[in-house]
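Okay, so here's the structure we're looking at.
Numbering (UniProt numbering), first residue to last: 1 to 170.
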């Protein structure tokens, strides 16, 4: 069993997808449906469940750029505590994104359509969360004298990093 739940989910996803494709190609689906009610839907459901489990691996990273527990921005001058909180959120997001991309880049999803589907879905989720946070706290908010230290990535760059997931050649 895998210690990393996300890696385990990718493993099961790949296996369920392989079984489904094999059944479809060999026309064994009819035979399997004798003993199993609607195997096509069952395997597709298993695939979706594994994608959802995989996506949970990103929650920690996304939580850094979530507005929850952030102080409302009032006035032009931020308090030290507010500045520090914004710095910690950007720093945590940067470190989390770097780590998860470094790890998941080497994972494999052989099915090109599934690989693209998972990338695009995750890219949309992360870019939307990061983009909203960046817009609210990164532009026009004077939280540091050195914004480049904390705002390490553009929204586009985050998307490019996610595009390289599951690419052992990158």
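Don't be surprised by glycine CBs; every beta carbon is placed ideally from N, CA and C.
Nothing here was measured: the structure is a model prediction, and the numbers come from that model.
Contact check for residue 113 against residue 163 fails: the beta carbons are separated by 9 angstroms or more. Every alpha helix (DSSP H) stretch that sits fully inside the segment 54-124 and reaches 4 residues is listed by chain position as 59-64 and 80-104. By the 16-neighbour rule on beta-carbons within 10 angstroms, residue 31 is exposed. In this chain, the alpha helix (DSSP H) harbouring residue 150 covers 147-150. Taken through DSSP and simplified to helix, strand or coil, residue 126 comes out as helix. Just so you know, the alpha carbons of residue 56 and residue 50 end up roughly 10 angstroms apart.
Less than 9 angstroms separates the beta-carbon of residue 73 from that of residue 137. When DSSP states are grouped into helix, strand and coil, residue 49 belongs to the helix group.
The beta-carbon separation of residue 64 and residue 6, rounded to 17 angstroms, does not stay under the 8 angstroms limit for a contact. Selection 2, 8, 15 and 9 evaluated against residue 111 yields 15 as nearest (Cα-Cα). Counting every other CB atom within 10 Å of its CB across the protein chains shown gives residue 17 a total of 16 or more, marking it as buried. Rounded to the nearest whole angstrom, the C-alpha separation of residue 20 and residue 159 is 30 angstroms. Residue nearest to residue 46 within the set 12, 84, 34 and 168 is 12 (criterion: CA-CA distance). Between residue 79 and residue 142, the alpha-carbon positions lie close to 11 angstroms from each other.
Membership of residue 33 in the alpha helix (DSSP H) is indicated by the continuous run 29-35.
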